[in-house]
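Trainee: Note that the protein sequences, when read in sequence, are chains A and B.
In terms of the numbering used here, the first sequence opens at residue 463 and continues consecutively.
In terms of the numbering used here, the second sequence opens at residue 463 and continues consecutively.
Right, I'll just put the structure down here and ask away after.
There are 2 protein chains.
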Amino acid sequence: MADPDKSSVTSGARRPGSRGREDRRAARRKRAPPGAPFIQRKIGCFDILSEEGLCLIENNADQILKEVGMEFRGDPEILAIFRAAGADVSGERVRCEPGMCRSIIRKSAPRSFMQQARNPSNAVKLGDGATVLCPVFGPPFIHNLDEGRRYATLRDFENLVKIHHMLPYLHHSGGVVCEPVDLPANKRHLDMLYAHIRLSDRPFFGALIGSERANDSVAMAKILFGADYVENNCCLYAVSNTNAPLVLDSAMSGALKVYAAHGQAVAVTPWTLAGAMSPCTVAGTLAQVLAECLAGLALVQLIRPGAPCLMGSFASTLSMQSGAPTFGSPESGKMVLAAGQFARRLGVPFHTVGALTSSKIPDGQAEQESAYGLLMSVLAGANFINHATGWLEGGLVAGYEKTIIDADLCGNVQSFAEGIDLSGNAQALDAIREVGPGAHFLGSSHTLRNFETAMYRPAAADNNSYEQWLAEGGFDSAQRANSIWKRLLRDYEQPALDPAVDEALRDYIARRKASMPDQNYY
Amino acid sequence: MADPDKSSVTSGARRPGSRGREDRRAARRKRAPPGAPFIQRKIGCFDILSEEGLCLIENNADQILKEVGMEFRGDPEILAIFRAAGADVSGERVRCEPGMCRSIIRKSAPRSFMQQARNPSNAVKLGDGATVLCPVFGPPFIHNLDEGRRYATLRDFENLVKIHHMLPYLHHSGGVVCEPVDLPANKRHLDMLYAHIRLSDRPFFGALIGSERANDSVAMAKILFGADYVENNCCLYAVSNTNAPLVLDSAMSGALKVYAAHGQAVAVTPWTLAGAMSPCTVAGTLAQVLAECLAGLALVQLIRPGAPCLMGSFASTLSMQSGAPTFGSPESGKMVLAAGQFARRLGVPFHTVGALTSSKIPDGQAEQESAYGLLMSVLAGANFINHATGWLEGGLVAGYEKTIIDADLCGNVQSFAEGIDLSGNAQALDAIREVGPGAHFLGSSHTLRNFETAMYRPAAADNNSYEQWLAEGGFDSAQRANSIWKRLLRDYEQPALDPAVDEALRDYIARRKASMPDQNYY
Chain A
463 MADPDKSSVT SGARRPGSRG REDRRAARRK RAPPGAPFIQ RKIGCFDILS
513 EEGLCLIENN ADQILKEVGM EFRGDPEILA IFRAAGADVS GERVRCEPGM
563 CRSIIRKSAP RSFMQQARNP SNAVKLGDGA TVLCPVFGPP FIHNLDEGRR
613 YATLRDFENL VKIHHMLPYL HHSGGVVCEP VDLPANKRHL DMLYAHIRLS
663 DRPFFGALIG SERANDSVAM AKILFGADYV ENNCCLYAVS NTNAPLVLDS
713 AMSGALKVYA AHGQAVAVTP WTLAGAMSPC TVAGTLAQVL AECLAGLALV
763 QLIRPGAPCL MGSFASTLSM QSGAPTFGSP ESGKMVLAAG QFARRLGVPF
813 HTVGALTSSK IPDGQAEQES AYGLLMSVLA GANFINHATG WLEGGLVAGY
863 EKTIIDADLC GNVQSFAEGI DLSGNAQALD AIREVGPGAH FLGSSHTLRN
913 FETAMYRPAA ADNNSYEQWL AEGGFDSAQR ANSIWKRLLR DYEQPALDPA
963 VDEALRDYIA RRKASMPDQN YY
Chain B
463 MADPDKSSVT SGARRPGSRG REDRRAARRK RAPPGAPFIQ RKIGCFDILS
513 EEGLCLIENN ADQILKEVGM EFRGDPEILA IFRAAGADVS GERVRCEPGM
563 CRSIIRKSAP RSFMQQARNP SNAVKLGDGA TVLCPVFGPP FIHNLDEGRR
613 YATLRDFENL VKIHHMLPYL HHSGGVVCEP VDLPANKRHL DMLYAHIRLS
663 DRPFFGALIG SERANDSVAM AKILFGADYV ENNCCLYAVS NTNAPLVLDS
713 AMSGALKVYA AHGQAVAVTP WTLAGAMSPC TVAGTLAQVL AECLAGLALV
763 QLIRPGAPCL MGSFASTLSM QSGAPTFGSP ESGKMVLAAG QFARRLGVPF
813 HTVGALTSSK IPDGQAEQES AYGLLMSVLA GANFINHATG WLEGGLVAGY
863 EKTIIDADLC GNVQSFAEGI DLSGNAQALD AIREVGPGAH FLGSSHTLRN
913 FETAMYRPAA ADNNSYEQWL AEGGFDSAQR ANSIWKRLLR DYEQPALDPA
963 VDEALRDYIA RRKASMPDQN YY
């Protein structure tokens, strides 16, 4: 009982003045402030599989890699890398003996690492009990209450980067927060990278598809951070999606090779809709996902031992009646929990997805599915959660209001992940003694000391009485969110960027754009 | 590897015919059918507190009972019971030595028990890894899209009982699914009990307030089940809410005494809004909740050793800015997870609450908060989840559409709680071998064998394409739910009730109603 925070359990005499100040300081310390660069978990993970189940599926993954193998299409260099490492390469098919990939990964992959940001205080930790929340990635459409659903533009992209920059419980600026389809498909990655660099000072993604765009990403990162710094620090984050089942194509592997070679983070992430791209069962999908991760992560480590990498899983489900993708399903919950266990056993950070839904609008279905998905990923111990905000319609749409409503849950899980404060102040025994049976705590000295930080406060939720809610317009949460994102855009201030860096980035982009004709396909 | 379900891991040769049939049977066995009488969990619980934290708060609860004590107001019999058991009774204040209540409870309280239903196949298990989902309790208002928000009537009560009876993933008919305020306050419990008995054949609540209504509940249960049967089996479920902090009034204790004496289930459930009825901290609230539970459960066991009882916790939060109750908060999540741990350590089943929200309508906020709350309660290992469907506006409103949307999540958690099927069929190694890299599983023989039961199918969610969704009206989930509850009411069929029992119940109700004047207050 030496811990002063616990002394009120046993100490009869109290020194109110000094204890009060100490307790207030303790309360502030215990509560991560809004704007913490990442969540540092003080809670455990939820393990859904037993040791026996884990071994069974790990054995199945090994069996798949040995018997069926994985195809690396259109990239002879990768085949040579695997052949040199001892794999059985036949055509584009790579087969590995049980344990081979795991042992390559365990030998050199870091258990945790930092991704840098141009504002050093926004650097994020990947692994080691940290969780990083990131906006939606990839939608060609946007939705908001004013305009409904339409194709996204660069203006939307910039708006979404700004809105997220203003949201205290997001940690990462993301990547393709929406597809600016008003720009040529083969050049827009330059504008997107520039928008992230200029409009936010949080970490961001490199371009995912193709070695050329990955090289552009590295080049721009070197302008921002310095060339040597980039070679020795993780400054870019990238996802490499396998083409499940059991294929990695050259568009994905091309980018993977660039990032791995430069020591930038790669999250090897099978994207599966169970029933289409993997078996329609949880255990079957998990074995396939793990097999693909093992092959992809081994490739990263064979390219550059020690390169930062994450095991990823984006395992969703399918309506077996219509063939439509489904989200927030019980099967997806089971899969993310198990995948987190596999990543921990492998000894690499875990990347997954968050607030997914097939709803077209930010309604009850959207938030039921999204809350389910984000919570499961948090409980799975995810170290990076992509799509933590804004996703609608199976990822086709980035929702402005959905972003704001989801951000409330991001703040909730940050507070939740802090676990239970057991300090003397939090135990509040004196408050219970002071108030006694049948009275209330509203005016107690303990409440007065703690009320400012006692509870998490969501932004879009309305907790007022029916009468007050009605008097204020009787709005639903999407309507309130509409006001909030507009206010965030009004209040947004661009973080200062060194004019010389800005100039160099603009110059690089102009030269690259001039070097090739516009294309409206990838 | 003797388990035939796992033999495909090791067996090279396969007998497709016999294995196929066996696997299909296994798949059917593993998936609890819609309409299972309760959830039998195959997953663990999420422990948020360490052993050290648990002991700290248990010690604090003991300290509260010893130093502050609990008041039992207006009931000298209870004071005498505690005095005889060795407590320090002063006025209405009962103080107990550390460990006294826990030892009384552990000595005789059952770890699990069944609550019977007039349809024996609908009996529910409380405890032992079972989870029972129950409708909202108590709202004086209803909300639906056709009429908005208005006072509830007996017609609404009957509608909600019928709708829930038709929902396959609910297990309990509940109690005051809404307050039929068109009936006299002092007699409506008779009509509510009769509606549950007549319109559903699932288990139901006894009336919670006052010994007189509890006695009516026992009398009607005896007409339904037989007098001896009721004395020897749990046929009624009741919640006894403490008047936090640290008071049990005679309205609650009166009913508690009746149910305990007759061996009917009592869930001793402190209802706290942290910051008003308990300290504004999680650890402080937990100690107070546990203290109140210990006193209440000890009382139950002192009245009738072995009487079925549950430790309950309904620990919500307050907006410290407006004083409004808040739901789905991170603090509420932490509290329910910890409370579940305390119940397991005490050795009694755990009762708590589910899909709560302060939203006025079934919107994004409503489902974000509700999904959060229900999932936390499931992860907490709750054995009985009250308010699993329909709750709106801090419990003032029962929502017709909210009921339907919430029921989708009830089905989800039932499937989730089954854990991961590790049978040979579920491992699907042959499917992966058959399909191979780059192909798809939609037409694989494994998918064709499993597609009917492969995935959970929610009712109100729309997973179709934007174009199809728009062509079908572009409805939100509440609008779809509106059609669903109307269809359920149309399709509803009343389960047959023995006419003699029905006659006896009507006779009892008529006599009781005639015996007292109407009152419009409790």
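Every residue gets a Cβ at the ideal spot worked out from N, C-alpha and C, and that includes glycine.
Starting from B/D964, trace the alpha helix (DSSP H) both ways and give me its first and last residue.
Mentor: Taking the second sequence and counting its residues from 1, one reaches residue 964 of chain B at position 502. From DSSP, the alpha helix (DSSP H) with B/D964 extends over P961 to A976.
Trainee: Looking at the structure shown, is B/H634 part of a helix, part of a strand, or coil, going by DSSP?
Mentor: If you number the second sequence from 1, residue 634 of chain B lands on position 172. Three-state DSSP puts B/H634 in coil, outside helix and strand.
Trainee: Could you tell me how far apart the beta carbons of B/L759 and B/V815 are, in whole angstroms, since I believe they sit closer than 8 Å?
Mentor: By one-based count along the second sequence, residue 759 of chain B stands at place 297. By one-based count along the second sequence, residue 815 of chain B stands at place 353. So it is not a contact: roughly 18 Å between Cβ atoms.
Trainee: If we ignore side chains and look at the alpha-carbon of each, how far apart do B/A614 and A/F508 end up?
Mentor: By one-based count along the second sequence, residue 614 of chain B stands at place 152. By one-based count along the first sequence, residue 508 of chain A stands at place 46. Looking at the two C-alpha atoms, the distance is approximately 41 Å.
Trainee: Whose CA, out of A/H724, A/G881, A/R555 and A/R919, lies closest to the CA of A/V709?
Mentor: For the purposes of this step, residue 709 of chain A is taken as residue 247 along the first sequence, with counting starting at 1. Selected option, being the one with the closest Cα: A/R555.
Trainee: How should B/D618 be labelled, buried or exposed, when 16 other C-beta atoms within 10 angstroms of its C-beta is the threshold for buried?
Mentor: Here residue 618 of chain B refers to the residue found at position 156 when the second sequence is read from its first residue. The residue in question, B/D618, is buried, as its Cβ has 16 or more Cβ neighbours within 10 Å.
Trainee: For B/I671 and B/V680, I'd like the C-alpha separation in whole angstroms.
Mentor: As a first step, residue 671 of chain B is located in the second sequence; it is residue number 209 there, counting from the start. As a first step, residue 680 of chain B is located in the second sequence; it is residue number 218 there, counting from the start. B/I671 and B/V680: Cα-Cα distance of roughly 13 Å.
Trainee: Mark A/P824 as exposed unless 16 or more other C-beta atoms lie within 10 angstroms of its C-beta, in which case mark it buried.
Mentor: In the first sequence, residue 824 of chain A corresponds to position 362, counting from 1. By the 10 Å Cβ count, A/P824 comes out buried.
Trainee: Count the other CB atoms within 10 Å of the CB of A/P792; is the residue buried (16 or more) or exposed (fewer)?
Mentor: Taking the first residue of the first sequence as 1, we reach residue 792 of chain A at position 330. By the 10 Å Cβ count, A/P792 comes out buried.
Trainee: Please go through the same chain and pick out, in chain order, the residues whose beta-carbon is closer than 6 Å to the beta-carbon of A/L764, but skip the five residues on each side of it.
Mentor: Working through the first sequence from its first residue, we reach residue 764 of chain A at position 302. Counting only Cβ-Cβ distances below 6 Å, and skipping sequence neighbours, we find I543 and A547.
Trainee: Are the CB atoms of A/H627 and A/L661 within a distance shorter than 8 Å?
Mentor: If you number the first sequence from 1, residue 661 of chain A lands on position 199. If you number the first sequence from 1, residue 627 of chain A lands on position 165. Yes, they are a contact pair.
Trainee: Between the alpha carbons of A/C771 and B/L516, how many angstroms are there, rounded?
Mentor: Along the first sequence, read from residue 1 onward, the residue named residue 771 of chain A stands at position 309. Along the second sequence, read from residue 1 onward, the residue named residue 516 of chain B stands at position 54. Looking at the two C-alpha atoms, the distance is approximately 37 Å.
Trainee: Could you check whether the Cβ of B/S712 sits closer than 8 Å to any Cβ belonging to chain A?
Mentor: Translated into positions along the second sequence, residue 712 of chain B becomes position 250. No, because no Cβ of chain A sits closer than 8 Å to the Cβ of B/S712.
Trainee: Tell me whether the beta-carbon of B/Q750 lies closer than 8 Å to the beta-carbon of A/I894.
Mentor: Counted from its first residue, the second sequence places residue 750 of chain B at position 288. Counted from its first residue, the first sequence places residue 894 of chain A at position 432. Going by C-beta atoms, B/Q750 is nearer than 8 Å to A/I894.
Trainee: In angstroms, rounded to a whole number, what distance separates the CA positions of A/L622 and A/V598?
Mentor: On the first sequence, residue 622 of chain A is found 160 positions in, with the first residue counted as 1. On the first sequence, residue 598 of chain A is found 136 positions in, with the first residue counted as 1. If you take the alpha carbons of A/L622 and A/V598, they lie about 10 Å apart.
Trainee: Find the residues of chain A that neighbour B/Q750, judging by a C-beta separation of less than 8 Å, and give them in chain order.
Mentor: Reading the second sequence from its first residue, position 288 is the one you call residue 750 of chain B. Simply I894.
Trainee: Can you tell me whether A/V859 is helix, strand or coil according to DSSP?
Mentor: Residue numbering aside, residue 859 of chain A sits at position 397 when the first sequence is read from its first letter. Note: A/V859 maps to strand in three-state DSSP.
Trainee: Scan the region 730 to 786 of chain B and note each continuous alpha helix (DSSP H) run of 4 residues or more that stays entirely inside, going in chain order.
Mentor: Listed in chain order, the complete alpha helix (DSSP H) runs (minimum 4 residues) inside the region 730 to 786 of chain B are 744 to 765.
Trainee: From what residue to what residue does the beta strand (DSSP E) around B/D883 run?
Mentor: Counted from its first residue, the second sequence places residue 883 of chain B at position 421. That residue, B/D883, is in no beta strand (DSSP E); it is neither H nor E in DSSP.
Trainee: Note down the Cα distance separating B/Y862 from A/E559, rounded to an integer number of angstroms.
Mentor: Stepping through the second sequence from its first residue, residue 862 of chain B is reached at position 400. Stepping through the first sequence from its first residue, residue 559 of chain A is reached at position 97. About 57 Å.
Trainee: In angstroms with no decimal places, state the Cα-to-Cα distance between A/I971 and A/Y656.
Mentor: To locate residue 971 of chain A, count along the first sequence from 1; it is residue 509. To locate residue 656 of chain A, count along the first sequence from 1; it is residue 194. Spanning the two alpha carbons is a distance of roughly 8 Å.
Trainee: For B/H849, which three-state DSSP category applies?
Mentor: The residue you call residue 849 of chain B lines up with position 387 of the second sequence. B/H849: strand per DSSP, three-state reduction.
Trainee: In whole angstroms, give me the CA-to-CA distance for B/E914 and B/N695.
Mentor: Start at 1 with the first residue of the second sequence, and residue 914 of chain B comes out as number 452. Start at 1 with the first residue of the second sequence, and residue 695 of chain B comes out as number 233. C-alpha separation (whole angstroms): 39 Å.
Trainee: What are the boundary residues of the beta strand (DSSP E) that includes B/E554?
Mentor: Residue mapping note: residue 554 of chain B aligns to position 92 of the second sequence, counting from 1. From DSSP, B/E554 is part of no beta strand (DSSP E); its letter is neither H nor E.
Trainee: Name the chain A residues whose beta carbon is nearer than 8 Å to that of B/R611?
Mentor: Numbered from 1 along the second sequence, position 149 holds the residue referred to as residue 611 of chain B. Neighbours of B/R611 on chain A, chain order: Y928.
Trainee: Considering Cα atoms alone, identify which of A/R650, A/N912, A/L871 and A/A723 is closest to A/A922.
Mentor: Along the first sequence, read from residue 1 onward, the residue named residue 922 of chain A stands at position 460. Here the closest residue by C-alpha is A/L871.
Trainee: Runs of 3 residues minimum, wholly inside the region 584 to 644 of chain B: which ones carry the beta strand (DSSP E) assignment?
Mentor: Whole beta strand (DSSP E) segments, 3+ residues: 586 to 588, 592 to 597, 603 to 606 and 610 to 613.
Trainee: Can you tell me whether B/D980 is helix, strand or coil according to DSSP?
Mentor: As a first step, residue 980 of chain B is located in the second sequence; it is residue number 518 there, counting from the start. In this structure, B/D980 counts as coil in the three-state DSSP scheme.
Trainee: Closer than 6 Å by C-beta to B/D969: which residues in its own chain qualify, once you throw out the five before and the five after it? Chain order, please.
Mentor: Position 507 of the second sequence, counted from the start, is the residue given in the question as residue 969 of chain B. Closer than 6 Å at the Cβ level, and outside the excluded window around B/D969, lies no residue.
Trainee: Tell me whether the beta-carbon of A/P665 lies closer than 8 Å to the beta-carbon of A/C640.
Mentor: Within the first sequence, the letter at position 203 stands for residue 665 of chain A. Within the first sequence, the letter at position 178 stands for residue 640 of chain A. Contact: no.
Trainee: For B/A488 and A/W733, what's the separation of their Cα atoms in angstroms?
Mentor: Within the second sequence, numbered from 1, the residue matching residue 488 of chain B stands at position 26. Within the first sequence, numbered from 1, the residue matching residue 733 of chain A stands at position 271. For B/A488, the predicted model reports a pLDDT of 47, less than 50, meaning its position is unreliable and no value from the coordinates is stated.
Trainee: Between A/G737 and A/M782, how many whole angstroms is the CB-CB distance? I'm expecting something under 8 Å.
Mentor: The sequence position of residue 737 of chain A within the first sequence is 275, counting from 1. The sequence position of residue 782 of chain A within the first sequence is 320, counting from 1. Between A/M782 and A/G737 the Cβ distance is about 6 Å, and since that is below 8 Å, they are a contact.
Trainee: Should B/V744 be flagged as near chain A, meaning a C-beta pair shorter than 8 Å?
Mentor: Walking along the second sequence from the start, residue 744 of chain B turns up at place 282. Yes - at least one Cβ of chain A is within 8 Å of the one on B/V744.
Trainee: Work out the CA separation of B/E896 and A/D550 for me, nearest whole Å.
Mentor: Translated into positions along the first sequence, residue 550 of chain A becomes position 88. Translated into positions along the second sequence, residue 896 of chain B becomes position 434. Taking the straight line joining both Cα atoms gives about 20 Å.
Trainee: So which residues on chain A does B/G737 lean against when the C-beta distance must stay under 8 Å?
Mentor: Numbered from 1 along the second sequence, position 275 holds the residue referred to as residue 737 of chain B. By Cβ distance, chain A contributes F903, L904, T909, F913, A916 and M917.
Trainee: Using a Cβ distance threshold of 8 Å, determine whether the region 877 to 889 of chain A contacts the region 950 to 959 of chain B, with at least three qualifying pairs required.
Mentor: At 8 Å Cβ cutoff, the stretches do not touch.
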